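Structure record follows, encoded as structure tokens.
There are 2 protein chains.
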Amino acid sequence: MKERFAVLGAGNGGQVIAAYLKRRGKQVTLYDRFAQVLQPIRDRGGIQLEGLPEAGFAQLDGVYDQVAPAVKGAQVIFVVLPAFAHAYVAGELAGCLEDGQTVVVCPGATGGALEFRAIWNQAGCSAQVRLCETNSLFYAARAKDAVAVVSGVKDELSLAALPAGDTQAIIDDLADVYPQLIPAANVLETSLNNMNTIVHPLPVLLNAGRIESGEQFRHYFDGITPAIGDLAEEMDKERVAVGKAYGLDILSLRDAYVHYYHVQAEKMSDLCHMTPAHATIMAPAVLDSRLIVEDVPMGLVPISQLGKAAGVPTPIMDAVITLAGALVKRNFWQEGRTLEALGIAGLSREELLKKL
Amino acid sequence: MKERFAVLGAGNGGQVIAAYLKRRGKQVTLYDRFAQVLQPIRDRGGIQLEGLPEAGFAQLDGVYDQVAPAVKGAQVIFVVLPAFAHAYVAGELAGCLEDGQTVVVCPGATGGALEFRAIWNQAGCSAQVRLCETNSLFYAARAKDAVAVVSGVKDELSLAALPAGDTQAIIDDLADVYPQLIPAANVLETSLNNMNTIVHPLPVLLNAGRIESGEQFRHYFDGITPAIGDLAEEMDKERVAVGKAYGLDILSLRDAYVHYYHVQAEKMSDLCHMTPAHATIMAPAVLDSRLIVEDVPMGLVPISQLGKAAGVPTPIMDAVITLAGALVKRNFWQEGRTLEALGIAGLSREELLKKL
Numbered sequence: 000m001k002e003r004f005a006v007l008g009a010g011n012g013g014q015v016i017a018a019y020l021k022r023r024g025k026q027v028t029l030y031d032r033f034a035q036v037l038q039p040i041r042d043r044g045g046i047q048l049e050g051l052p053e054a055g056f057a058q059l060d061g062v063y064d065q066v067a068p069a070v071k072g073a074q075v076i077f078v079v080l081p082a083f084a085h086a087y088v089a090g091e092l093a094g095c096l097e098d099g100q101t102v103v104v105c106p107g108a109t110g111g112a113l114e115f116r117a118i119w120n121q122a123g124c125s126a127q128v129r130l131c132e133t134n135s136l137f138y139a140a141r142a143k144d145a146v147a148v149v150s151g152v153k154d155e156l157s158l159a160a161l162p163a164g165d166t167q168a169i170i171d172d173l174a175d176v177y178p179q180l181i182p183a184a185n186v187l188e189t190s191l192n193n194m195n196t197i198v199h200p201l202p203v204l205l206n207a208g209r210i211e212s213g214e215q216f217r218h219y220f221d222g223i224t225p226a227i228g229d230l231a232e233e234m235d236k237e238r239v240a241v242g243k244a245y246g247l248d249i250l251s252l253r254d255a256y257v258h259y260y261h262v263q264a265e266k267m268s269d270l271c272h273m274t275p276a277h278a279t280i281m282a283p284a285v286l287d288s289r290l291i292v293e294d295v296p297m298g299l300v301p302i303s304q305l306g307k308a309a310g311v312p313t314p315i316m317d318a319v320i321t322l323a324g325a326l327v328k329r330n331f332w333q334e335g336r337t338l339e340a341l342g343i344a345g346l347s348r349e350e351l352l353k354k355l
Numbered sequence: 000m001k002e003r004f005a006v007l008g009a010g011n012g013g014q015v016i017a018a019y020l021k022r023r024g025k026q027v028t029l030y031d032r033f034a035q036v037l038q039p040i041r042d043r044g045g046i047q048l049e050g051l052p053e054a055g056f057a058q059l060d061g062v063y064d065q066v067a068p069a070v071k072g073a074q075v076i077f078v079v080l081p082a083f084a085h086a087y088v089a090g091e092l093a094g095c096l097e098d099g100q101t102v103v104v105c106p107g108a109t110g111g112a113l114e115f116r117a118i119w120n121q122a123g124c125s126a127q128v129r130l131c132e133t134n135s136l137f138y139a140a141r142a143k144d145a146v147a148v149v150s151g152v153k154d155e156l157s158l159a160a161l162p163a164g165d166t167q168a169i170i171d172d173l174a175d176v177y178p179q180l181i182p183a184a185n186v187l188e189t190s191l192n193n194m195n196t197i198v199h200p201l202p203v204l205l206n207a208g209r210i211e212s213g214e215q216f217r218h219y220f221d222g223i224t225p226a227i228g229d230l231a232e233e234m235d236k237e238r239v240a241v242g243k244a245y246g247l248d249i250l251s252l253r254d255a256y257v258h259y260y261h262v263q264a265e266k267m268s269d270l271c272h273m274t275p276a277h278a279t280i281m282a283p284a285v286l287d288s289r290l291i292v293e294d295v296p297m298g299l300v301p302i303s304q305l306g307k308a309a310g311v312p313t314p315i316m317d318a319v320i321t322l323a324g325a326l327v328k329r330n331f332w333q334e335g336r337t338l339e340a341l342g343i344a345g346l347s348r349e350e351l352l353k354k355l
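Quick mapping for you: the protein sequence lines, in order, are chains A and B. With the first letter of the first sequence counted as 1, position 176 gets the number 175 in numbering that gives the first Met the number 0; the numbers rise by one all the way through. With the first letter of the second sequence counted as 1, position 207 gets the number 206 in numbering that gives the first Met the number 0; the numbers rise by one all the way through.
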């Protein structure tokens, strides 16, 4: 059981985790890079939590726009940030980690823990810390003006440490606050179980004209048409095949819908439409939303690269990476999570698996 | 000057060419594979031509649903068909060509003449015929119930023979009816000057959700948004670069708009919107329209393949080929005009240029 937590990131997810942990009686500090994001929380002196049994006001033990004071003395550090902010925060952490701390990248997107480790190694960080990632967020939530409203809680979330030998100890440490954590084989499993890579970039790309025209439409319900759903399922086979090449039995998108949302349909598009919480989500208003600039470079790129390293072709993913990048005038092949960025370039499949 | 013409294909373009040539006093036969397409023309005994100085009724000298009787005795054979019908018609022609005939593939899409020659060679056809292709159609026109209405005529159209040594003789032979023909260096020039490859598949792909949702919108005006226009221009650079690798100065899409439509703008999307005839064209109602199933396999695939053969990367084209194919559940990389299908696989750049 741990008592002192730091939460890095004051977005929807970070605010809920911070408030929830505080309401569970923990000591909690909160960090965000942008002081204006923290201002409403500072003004209010904490966060009002809604939608959980632990609802109520959470007065935090510190609100910081610097990493170092936020994590000083913390036993567990939750990183709850868009994946494109991971590299920055990992760099900041490198200088102030303390022996015995545990860092939970929540979620890691694809390759989060590997990227943290690579950045710490490169910075010569020698602190003895545990590092892990989850495959998704605990909550569906929206936070505004220091009021965080939870609309859904995952009743199962997988976690893997790097190295995997630490996984069970971390799960045990967090069991009092997050009993829904289950162990994944290794960080490749949590990383490849990133469903956003399948349901985010492709539909945005194939609805680009609509988005840029200012049309308002529902991302899943209107954006994932039958042919786009079928294509997403084809792309998903590439993700599952990459997992298989590393000895992992990755849940397909179809099976994930059946497993998590208890829906059944022949067409992938129907499955996407049948989950009420998803169906009402609106499409982004701009092309370079997180559905592209997070899920392509920190999702599809590392999956494609892991595929190449294992001899598994990923032609549909590769096409999406190239086109989505060209559409928003960025080269995700260069700036994304390459094997170099993850510190695993040049390793054989066996060497990589041993490292995990 | 030639007097006996056959027109293969009774679509919009074919009906206008047949009627026009007849109105110019030539002997003209018309072929289409589908008898029901010919029925209105047979019922009427010919085609009513509108929108040209030669307007009036054109009583044809034969209307056939077989190639052989249509081309028997013809001096010039115009092939005015979607590119995906070229292989079939080339095969039919192989058995009934006569020495001295000229075949004009109008337009050739990308690689039309090469494909005809490859199919004839494979079929062992030994007739001494001239073969050429144009880079576009003569007319913008619509034909219905044996009434063909012309809304625009190109005042310049390039033509190349295979081999190029025949180009000028063919242009001279056709000068009385089509004085706007100008010589291209070779069939790579006419083939690479296929603008449809740039303005058709990409906007369809990036508006796929809209199309499949049944939304009615204008292909150029609504479908080519600023970012899609910029991306089309990026893809166009690949086409121009492939031409350059073969010593050709290919007109860019931007320069083509300036040259043909006398418009000027900074954004590619604005150029696409500024040509009234284009701006009002509606997007296709289905994903597997000619804008995909013709322009990808008979346009982008051969350009990409020619690029690979010359060491010119075409990443955006390649992504469009893969994604558009997967979207309509076809593998255009296999069924498209590969270098094998064009009879030029394994040739060095120099060997290829010599063959042209």
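Note that CB positions come from ideal geometry on N, CA and C, so glycine has one too. Everything numeric in this text was worked out from a predicted model, so none of it was measured.
Extent of the continuous alpha helix (DSSP H) to which residue i belongs
i: K243 (chain B); result: 225-244
i: L341 (chain A); result: No alpha helix (DSSP H) holds L341 (chain A); DSSP gives it neither H nor E.
i: V149 (chain B); result: From DSSP, V149 (chain B) is part of no alpha helix (DSSP H) but of the beta strand (DSSP E) over 146-152.
i: Y138 (chain B); result: Here Y138 (chain B) belongs to no alpha helix (DSSP H); instead the beta strand (DSSP E) covers 138-143.
i: V70 (chain B); result: 66-70
i: L305 (chain B); result: 300-309
i: G209 (chain B); result: According to the sequence as given, residue 209 (chain B) is Arg; it is not Gly. Where R209 (chain B) is concerned, the enclosing alpha helix (DSSP H) stretches over 207-211.
Residue j beta carbon less than 8 Å from that of residue i
i: R141 (chain A); j: V148 (chain A); result: yes
i: G110 (chain A); j: P312 (chain A); result: no
i: A126 (chain A); j: L96 (chain A); result: yes
i: E214 (chain B); j: I315 (chain B); result: no
i: V88 (chain B); j: V66 (chain B); result: yes
i: A321 (chain A); j: A86 (chain B); result: The sequence shown places Thr at residue 321 (chain A), not Ala. It is not a contact, given that the beta carbons lie outside the stated cut-off.
i: Q26 (chain B); j: R3 (chain B); result: yes
i: M273 (chain B); j: E232 (chain B); result: no
i: V203 (chain B); j: I197 (chain B); result: no
i: A93 (chain B); j: I118 (chain B); result: yes
i: R336 (chain B); j: P275 (chain B); result: no
i: G208 (chain A); j: T224 (chain B); result: yes
Interface residues of chain B facing residue i [CB-CB closer than 7 Å]
i: T321 (chain A); result: P314, I315, A318
i: G48 (chain A); result: The amino acid at residue 48 (chain A) is misidentified as Gly; the sequence shows Leu. Going along chain B, no residue has its Cβ under 7 Å from L48 (chain A), so there is no contact; the nearest lies around 37 Å.
i: E233 (chain A); result: A325
Integer Cβ distance of residue i from residue j, believed to fall under 8 Å
i: F77 (chain A); j: L158 (chain A); result: Actually they are not in contact, since the Cβ atoms of F77 (chain A) and L158 (chain A) sit about 12 Å apart, beyond 8 Å.
i: S135 (chain A); j: L156 (chain A); result: 6 Å
i: L355 (chain B); j: E114 (chain B); result: Actually they are not in contact, since the Cβ atoms of L355 (chain B) and E114 (chain B) sit about 14 Å apart, beyond 8 Å.
i: A108 (chain A); j: N193 (chain A); result: 6 Å
Beta-carbon neighbours of residue i, restricted to chain A and to distances below 7 Å
i: A54 (chain B); result: What A54 (chain B) touches in chain A: nothing, since even the nearest Cβ is about 39 Å away.
i: L286 (chain B); result: A226
Chain A contact residues for residue i, given Cβ-Cβ distances below 9 Å
i: D221 (chain B); result: G208, S212
i: I227 (chain B); result: A207, G208, E211, L326
i: P202 (chain B); result: G208
Start and end residues, beta strand (DSSP E) containing residue i
i: T133 (chain A); result: 129-133
i: F56 (chain B); result: 55-58
i: T279 (chain B); result: No beta strand (DSSP E) holds T279 (chain B); DSSP gives it neither H nor E.
i: T28 (chain A); result: 26-30
i: A73 (chain B); result: Run containing A73 (chain B): none; DSSP gives neither H nor E here.
i: V295 (chain B); result: Taken as a continuous stretch (DSSP letters only), V295 (chain B) belongs to no beta strand (DSSP E), as it is neither H nor E.
i: Q47 (chain A); result: 45-49
i: V104 (chain A); result: 101-104
Burial state of residue i, where buried means 16 or more other Cβ atoms lie within 10 Å
i: N120 (chain B); result: exposed
i: N185 (chain B); result: buried
i: M281 (chain A); result: exposed
i: N330 (chain B); result: exposed
i: P200 (chain A); result: buried
i: Q14 (chain B); result: buried
i: F137 (chain A); result: buried
i: I181 (chain B); result: exposed
Contact list for residue i against chain A, beta-carbon separation under 8 Å
i: T224 (chain B); result: A207, G208, E211, S212
i: L270 (chain B); result: Within chain A, no residue comes near L270 (chain B); the closest Cβ sits about 17 Å away, beyond 8 Å.
i: L230 (chain B); result: L322, A325, L326
Partners in chain B for residue i, counting only beta-carbon separations shorter than 9 Å
i: E265 (chain A); result: Here the premise fails: no neighbours, minimum Cβ distance about 15 Å.
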